[in-house]
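Structure first, commentary second.
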Amino acid sequence: MDFVTIIDLAGSVALLLWGVHMVQTGVQRAFGARLNQILSKTLRNRVQAFFAGLGITAILQSSTATGLMITSFTANGVIGLPSALAVMLGANVGTTLIVQLLSFDVSRIAPLFVLIGVIMFRRCTNYFRDLGRTFIGLGLILISLHQFLVILHPYTNQPTLRLMLGSIADLPLIAVVIAMVLTWIMHSSVAVILLIASFASHNVISAETAFAMVLGSNIGTALNPVIEGAGKDAVAKRLPIGNLLNRVIGAIIILVFLSPITNWFVHYYPDANRSIANFHTLFNIVTAAVFLPFLTPYAELLKRILPRPKTEKAEDPSKPIYLDKSAIKQSPMLAIGNATRESLRLCDALEKMLSGVDNALKSKTPQIASEARRVDNTLDRLTSSIQSYVTALDPESLNRKELNQIERILTFCTQIANAGDVLDRNVLPTVQKMVKQRIVLPKEMMDLLEDMMIRIHKNLRIAATLLMNEDESIARKLAEEKDIFRETENQANSIYYRRLREETEDKKTQIQFGSFMLELARDLKRTNTHVVASSAYPVLDQSGLLLPSRLQPEDRNQNETINQDINETIDQDTVKPSL
1 MDFVTIIDLA GSVALLLWGV HMVQTGVQRA FGARLNQILS KTLRNRVQAF FAGLGITAIL
61 QSSTATGLMI TSFTANGVIG LPSALAVMLG ANVGTTLIVQ LLSFDVSRIA PLFVLIGVIM
121 FRRCTNYFRD LGRTFIGLGL ILISLHQFLV ILHPYTNQPT LRLMLGSIAD LPLIAVVIAM
181 VLTWIMHSSV AVILLIASFA SHNVISAETA FAMVLGSNIG TALNPVIEGA GKDAVAKRLP
241 IGNLLNRVIG AIIILVFLSP ITNWFVHYYP DANRSIANFH TLFNIVTAAV FLPFLTPYAE
301 LLKRILPRPK TEKAEDPSKP IYLDKSAIKQ SPMLAIGNAT RESLRLCDAL EKMLSGVDNA
361 LKSKTPQIAS EARRVDNTLD RLTSSIQSYV TALDPESLNR KELNQIERIL TFCTQIANAG
421 DVLDRNVLPT VQKMVKQRIV LPKEMMDLLE DMMIRIHKNL RIAATLLMNE DESIARKLAE
481 EKDIFRETEN QANSIYYRRL REETEDKKTQ IQFGSFMLEL ARDLKRTNTH VVASSAYPVL
541 DQSGLLLPSR LQPEDRNQNE TINQDINETI DQDTVKPSL
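Following my numbering, the numbering of the sequence shown begins with 1 at its first residue and continues without gaps.
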């Protein structure tokens with residue numbers, strides 16, 4: 001095999017992977033979060049979960065993308081491990097459907113798929129434009145696989161290749177390992193199984209060797225998620241390792257009875273392509289049928305083998321928990337969901353700082369304020385991690401709704417971090433100073449500040465809700481909190497000036513108390529402004545409910561009349577009286 005042929009083979013595999021990528025991005029952009037909703041609604045029992053995994057994988061043409069979505073749900077406790085394993089059993093069957101299709105000669109319709117896809121992509125908008133991308137991807141998959149087989153066809157009669165592959169005819173385990181490594185390298189079980197079918201149809205390998213290599217290919221495609229998730233925690237590893245063990249156990253059982261199974265398939269399916277495609281599908285169906293009734297005890301076994309760490313993520317609170325980097329390329333929709341979940345941790349950090357303000361004022365302990373100020377470092381690091389994560393997403397693979405969600409996430413992170421900076425640089429230093437000087441504000445002043453703190457806590461929870469659910473009525477109520485804080489600040493000014501007018505013995509103390517109250521009221525109002533701007537303003541702006549300015553629009557004619565009257569009055573006043 002010369003260098004040019006190797007380049008052609010590598011290009012065909014690259015075109016295949018790119019076609020699969022276009023199918024995934026097209027489906028994800030067309031259906032968006034509906035894929036997550038379908039999975040969440042169909043996980044009530046194992047049978048529904050099995051068919052949900054089968055259907056979504058058949059559409060996405062990638063069990064890896066399905067596995068990423070379901071792994072995130074499982075690691076975060078959204079669904080149980082037995083249901084997730086059922087989804088993966090269905091996904092394994094779903095990946096065999098493209099092999100069934102390609103076992104027939106469908107390469108002639110590939111240009112038709114590309115033509116339809118290009119027309120839809122260039123002429124349509126929104127939903128149909130994204131489906132056009134999917135059709136283009138399907139066409140590229142068919143073209144690449146056909147080209148792959150055409151390139152290898154002249155080499156099927158090579159004596160060296162026949163001798164090398166014939167030497168493993170009596171060594172099925174070696175055939176399994178070869179196909180497993182080849183699938184792991186190519187990241188495509190479809191290409192490897194079609195290659196095996198091509199060799200078998202030209203009598204390069206026997207049917208028994210071909211079936212053994214199909215088993216190895218099934219193991220190899222389940223090996224990729226395990227290796228790619230090597231850096232994840234034990235909880236996230238349970239699903240990919242469980243799926244790999246499913247296939248390994250199934251392959252071992254089939255290897256024991258490989259000879260009679262081969263004889264049966266050769267008898268009923270003389271055509272090599274159909275025989276291998278059917279064996280591939282039946283292997284995954286039988287494996288699913290065997291494991292489905294025993295998923296609960298199997299899941300318990302996986303939990304014992306891979307227990308949850310006792311000090312999971314507790315040592316470094318600034319370290320992201322949900323930002324799975326593998327989802328950036330495999331499933332941008334899932335990556336946006338991960339970033340949204342991570343953004344909610346910012347609310348926890350800011351609420352911890354607010355609680356530090358409350359506790360420091362009540363307990364008169366400056367150490368509490370110092371600990372609360374250190375939380376701002378956690379807030380800044382988490383914000384930086386989230387921003388880097390979402391900006392790494394490819395805008396071309398996202399639809400308009402997902403791009404808007406990314407913009408909302410970035411706005412949310414920035415504003416929450418700004419609120420933390422106000423607490424760190426202004427509110428907490430003022431509280432520390434008051435505690436060190438043992439200043440106790442009068443009840444009237446403390447009640448006003450405590451009311452502001454309670455409202456900020458409530459508004460922060462509302463802002464977190466708005467990040468998950470765009471509700472115009474809730475956004476409007478949150479935006480109205482700015483007016484309430486403005487009135488509260490005016491009330492603080494009134495209290496301050498009223499106390500100054502009162503006849504008291506210690507006027508200096510009254511001024512000091514009032515200055516601390518005014519500083520805290522002003523900075524708490526700024527904190528609340530950032531909380532409101534984090535999620536209420538993006539929702540209102542998107543709905544067209546946000547005014548560009550609080551100022552009244554200028555009436556130029558009226559202004560000119562007023563200016564003319566003023567000038568005439570000035571002229572009359574400056575005329576000297578006649579002598």
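The beta-carbon is built from N, C-alpha and C at its ideal position, and this holds for glycine as well.
Everything numeric in this text was worked out from a predicted model, so none of it was measured.
- In this structure, Ile185 sits away from Met213, with a CB-CB distance that is not shorter than 8 Å.
- Under the Cβ criterion (8 Å, minimum of three pairs), the stretch 282-294 does not count as touching the stretch 342-359.
- Excluding five sequence positions before and after Thr378, the CB atoms of its chain that fall closer than 8 Å to its own CB belong to Pro317, Ser318, Ala349, given in chain order.
- Straight-line measurement puts the Cα of Leu194 at about 14 Å from the Cα of Ala207.
- Distance from Thr488 to Ala536 at the Cβ level is roughly 18 Å; contact not present, criterion being Cβ atoms closer than 8 Å.
- The stretch 385-394 makes contact with the stretch 325-334, as at least three CB pairs between them are under 8 Å.
- One Cα belongs to Val266, the other to Leu112, and the distance between them is close to 34 Å.
- When C-beta atoms of the stretch 136-155 are compared with those of the stretch 168-175, fewer than three pairs fall below 8 Å, so the two segments do not count as touching.
- Judged by beta-carbon spacing, Ala210 lies within the 8 Å limit of Ile276, meaning their Cβ atoms are closer than that value.
- With contacts defined by Cβ atoms closer than 8 Å, Gly53 and Gly94 form a contacting pair.
- In the DSSP assignment, Glu487 falls within the alpha helix (DSSP H) that extends over 472-501.
- In this structure the stretch 414-430 lies against the stretch 368-385, because at least three pairs of beta carbons, one per stretch, are closer than 8 Å.
- Around the CB of Met120, 16 or more other CB atoms lie within 10 Å, so the residue is classed as buried.
- The C-beta distance from Thr183 to Gly132 rounds to 30 Å, too long to fall under 8 Å, and the pair is not in contact.
- The stretch 450-461 makes contact with the stretch 524-532; the number of CB pairs closer than 8 Å reaches 3 or more.
- With respect to Asn399, Arg122 sits apart: the two C-beta atoms are not nearer than 8 Å.
- The alpha helix (DSSP H) runs of length 4 or more contained entirely in the stretch 359-447 are, from start to end of the chain, 366-391, 400-422, 428-436.
- Here the alpha carbon of Gly250 sits roughly 28 Å from the alpha carbon of Leu16.
- About 6 Å separates the Cβ atoms of Glu481 and Val532, confirming a contact at the 8 Å cut-off.
- Between Phe50 and Arg476, the alpha-carbon positions lie close to 43 Å from each other.
- Judged by DSSP secondary structure, Lys303 falls within the alpha helix (DSSP H) whose first and last residues are 295-305.
- Taking all protein chains shown into account, Ser370 has fewer than 16 neighbouring C-beta atoms within 10 Å of its C-beta and is therefore exposed.
- The alpha carbon of Leu292 has as its nearest neighbour, out of Phe516, Asp8, Gly90, the alpha carbon of Gly90.
- Between Leu301 and Ala84, the C-beta spacing is not below 8 Å.
- Met468 is classed as exposed because its beta carbon has fewer than 16 other beta carbons within 10 Å across all chains shown.
- Rounded to whole angstroms, Thr5 and Val20 show a C-alpha spacing of 23 Å.
- Note on geometry: alpha-carbon atoms of Asp447 and Arg499 lie some 16 Å from one another.
- Between the alpha carbons of Val181 and Val190 lies a gap of roughly 14 Å.
- The DSSP-derived three-state label of Val531 is helix.
- Leu152 is positioned such that its CB atom lies no closer than 8 Å to that of Val176.
- Look at Asp170 here: in three-state DSSP terms it is coil, with no helix or strand label.
- Each of Leu244, Ala236, Ser355, Ser198 was checked against the Cα of Asn224, and the nearest Cα belongs to Leu244.
- In terms of Cβ geometry, Leu145 and Leu102 form a close pair [threshold 8 Å].
- Cα atoms of Thr25 and His187: separation of roughly 18 Å, rounded to the nearest angstrom.
- The beta carbons of Ala464 and Leu344 sit about 6 Å from each other, so the pair counts as a contact at 8 Å.
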